[in-house]
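Residue numbers (full-length UniProt numbering): 1 to 356.
Here a beta-carbon is modelled for each residue, glycine too, at the ideal position from N, C-alpha and C.
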């Protein structure tokens, strides 16, 4: 009787698990296929207009569709758009890691440290001083400073887990970061060409001065001249700074509130050290030891770039103009000032260190 019951239970559960997987796939397909279609169009157009490039065109096409075409705002597309803008983007970073050796990662990451530390200091200190002068609340200015200085929404998410700010404060910070992500993607590549930057100098600039990984990738790959892989390594090096920052925020929050870290919950290590960062290092290690044939590099690079374009299509299609309005004026002013200061600091430090 027991065996029959157990067997019967298995018979009931297995189809149910399979059914859930099928439902998940069906939910993802509409939005994901739309992202792939937009990416394909953007890639084709990008070959005709290489100065702009496929990744930027994917965001622009996505924004235009989400703004002007009612069916592009259908809620049924949301799961696929979210999947494209997060897991697909993270997968693209891992794929691009197959074209870099660990020696190159360490060399590029190490060379970026002077510019990275200077830009980070300007962002974190400036957020507190300028934010206080503008009357922006402590939590909002801290989140905007961390998001601008380190890794955008990812840094805000990790910091939120230890700070426990109000939902409205998180929304203000993410809205502000999102606004200047879009501005950076559209403005940085033509500015870089205007001032005659090389691929490496632009990669260092975008990697240290643009907020989210998606925007760094879009700007660098649109610029061309080998800026993309260089910018990714710089950005990943910069992203590691979230580890000490979150530890400091947890300590400062516990002192201010009188509640210890243990009572507030463990540090969010999965957010602090994302899986795609580990995957990128593993991919680079495999390339270093020769597991990945050199003849595969071209195809993997093209695949990684297309996955990036798919991800940026998802970000563009997810954009709503109300997100920009909801950020409010004072946080936007703070975010704009920090964005300009960090970009200027990065360029200035490159001039001083002779990397531009």
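**Prompt:** If you follow the alpha helix (DSSP H) that residue 238 is part of, which residue opens it and which one closes it?
**Reply:** That run of the alpha helix (DSSP H) goes 227 to 239.
**Prompt:** By how many angstroms is the C-alpha of residue 141 removed from the C-alpha of residue 95?
**Reply:** Straight across, the Cα-Cα distance linking residue 95 with residue 141 is about 35 Å.
**Request:** Go to residue 96, then tell me how far its alpha helix (DSSP H) extends in each direction, as first and last residue.
**Result:** That run of the alpha helix (DSSP H) goes 89 to 97.
**Asked** Helix, strand or coil for residue 212 per DSSP?
**Response** Residue state, collapsed to three classes: coil.
**Message:** So, does the stretch 328 to 344 touch the stretch 120 to 134, judging by three or more C-beta pairs under 8 Å?
**Reply:** When C-beta atoms of the stretch 328 to 344 are compared with those of the stretch 120 to 134, three or more pairs fall below 8 Å, so the two segments count as touching.
**Message:** For a test of the three-state rule: what should DSSP assign to residue 134, helix, strand or coil?
**Reply:** Residue 134 falls in the helix class under three-state DSSP.
**Coarse secondary structure for residue 165, derived from DSSP in three states** = Of the three classes helix, strand and coil, the one that applies to residue 165 here is coil, per DSSP.
**Item:** N-terminal and C-terminal residue of the alpha helix (DSSP H) that residue 339 is part of
**Value:** Counting along the chain, the alpha helix (DSSP H) containing residue 339 begins and ends at 329 to 353.
**Item:** Counted within 10 angstroms of its Cβ, other Cβ atoms place residue 331 as buried (16 or more) or exposed
**Value:** Flag for residue 331 reads buried.
**Prompt:** Okay, do the stretch 54 to 65 and the stretch 88 to 105 touch, 3+ Cβ pairs below 8 Å being the bar?
**Reply:** No, they do not touch.
**Prompt:** How long is the line joining the alpha carbons of residue 109 and residue 22, rounded to whole angstroms?
**Reply:** In a straight line, the C-alpha of residue 109 is about 42 Å away from that of residue 22.
**Message:** Along the chain, where does the alpha helix (DSSP H) containing residue 70 start, and where does it finish?
**Reply:** Residue 70 -> no alpha helix (DSSP H), and no H or E assigned at all.
**Message:** Just to confirm before moving on: does the CB-CB distance between residue 219 and residue 244 stay below 8 Å?
**Reply:** The answer is no: Cβ separation not under 8 Å.
**Request:** Using three-state DSSP, classify residue 196 as helix, strand or coil.
**Result:** Of the three classes helix, strand and coil, the one that applies to residue 196 here is coil, per DSSP.
**Asked** Taking the alpha carbon of residue 242 as the point to measure from, which residue in 152, 46, 353 and 44 has its own alpha carbon closest?
**Response** Out of 152, 46, 353 and 44, 152 has the C-alpha closest to the C-alpha of residue 242.
**Prompt:** Rounded to the nearest angstrom, how far is the Cβ of residue 162 from that of residue 45, given a contact under 8 Å?
**Reply:** About 43 Å separates the two Cβ atoms, so there is no contact after all.
**Item:** Span of the alpha helix (DSSP H) around residue 309
**Value:** Here the alpha helix (DSSP H) through residue 309 covers 297 to 318.
**Prompt:** residue 57 by DSSP, collapsed to three states: which one?
**Reply:** For residue 57, the secondary structure class from DSSP, reduced to helix, strand or coil, is helix.
**Asked** Just checking, does the stretch 309 to 317 make contact with the stretch 27 to 42 on the three C-beta pairs under 8 Å criterion?
**Response** Judged by Cβ distances under 8 Å, the stretch 309 to 317 makes contact with the stretch 27 to 42, as three or more pairs qualify.
**Asked** Any idea what DSSP makes of residue 363, helix, strand or coil?
**Response** Given that the chain is displayed from residue 1 to residue 356, the structure contains no residue 363 and the question cannot be resolved.
**Prompt:** Rounded to the nearest angstrom, how far is the Cβ of residue 392 from that of residue 277, given a contact under 8 Å?
**Reply:** The structure shown does not extend to residue 392, since the chain spans only 1 to 356, so no value can be given for it.
**Item:** Range covered by the alpha helix (DSSP H) that runs through residue 111
**Value:** For residue 111, the enclosing alpha helix (DSSP H) starts and ends at 102 to 111.
**Asked** What is the DSSP secondary structure of residue 356, counted as helix, strand or coil?
**Response** Residue 356: coil per DSSP, three-state reduction.
**Request:** Using the Cα positions of residue 261 and residue 238, report the straight-line distance between them to the nearest angstrom.
**Result:** Since pLDDT at residue 261 reaches only 48, below the 50 mark, its modelled position is unreliable, and the value read off the structure follows with that caveat. Rounded to the nearest angstrom, the two C-alpha atoms are 25 Å apart.
**Request:** Return the residue from the list 69, 98, 343 and 197 that minimises the CA-CA distance to residue 298.
**Result:** Checking every option, the nearest Cα to that of residue 298 belongs to 98.
**Message:** So residue 156 and residue 174 are supposed to be a Cβ contact under 8 Å. How far apart are they, rounded?
**Reply:** Confirmed, Cβ separation roughly 6 Å.
**Asked** What do you reckon, are the CB atoms on residue 350 and residue 204 nearer than 8 Å?
**Response** Between residue 350 and residue 204, the C-beta gap is smaller than 8 Å, which places the two residues in contact.
**Message:** Measuring alpha carbon to alpha carbon, tell me which residue in 31, 35, 73 and 132 is nearest residue 333.
**Reply:** Looking at 31, 35, 73 and 132, the one whose alpha-carbon comes closest to that of residue 333 is 132.
**Asked** Taking the alpha-carbon positions, what's the residue 287 to residue 67 distance?
**Response** Spanning the two alpha carbons is a distance of roughly 42 Å.
**Request:** Would you decide whether residue 293 is buried or exposed? Buried here means 16 or more other CB atoms lie within 10 Å of its CB.
**Result:** With fewer than 16 other Cβ atoms within 10 Å, it is exposed.
**Asked** For residue 279, which of helix, strand or coil comes out of DSSP?
**Response** Of the three classes helix, strand and coil, the one that applies to residue 279 here is helix, per DSSP.
**Asked** For residue 224, which of helix, strand or coil comes out of DSSP?
**Response** Coil, per DSSP.
**Item:** Whether residue 202 touches residue 178 by CB criterion (8 Å)
**Value:** The criterion of a C-beta distance shorter than 8 Å is not satisfied by residue 202 and residue 178.
**Prompt:** Once you ignore the five residues that flank residue 187 on each side, which residues in its own chain have a CB closer than 7 Å to its CB?
**Reply:** There are no such residues.
**Prompt:** So, residue 31 versus residue 80, is the Cβ gap smaller than 8 Å?
**Reply:** In this structure, residue 80 lies closer than 8 Å to residue 31 by Cβ.
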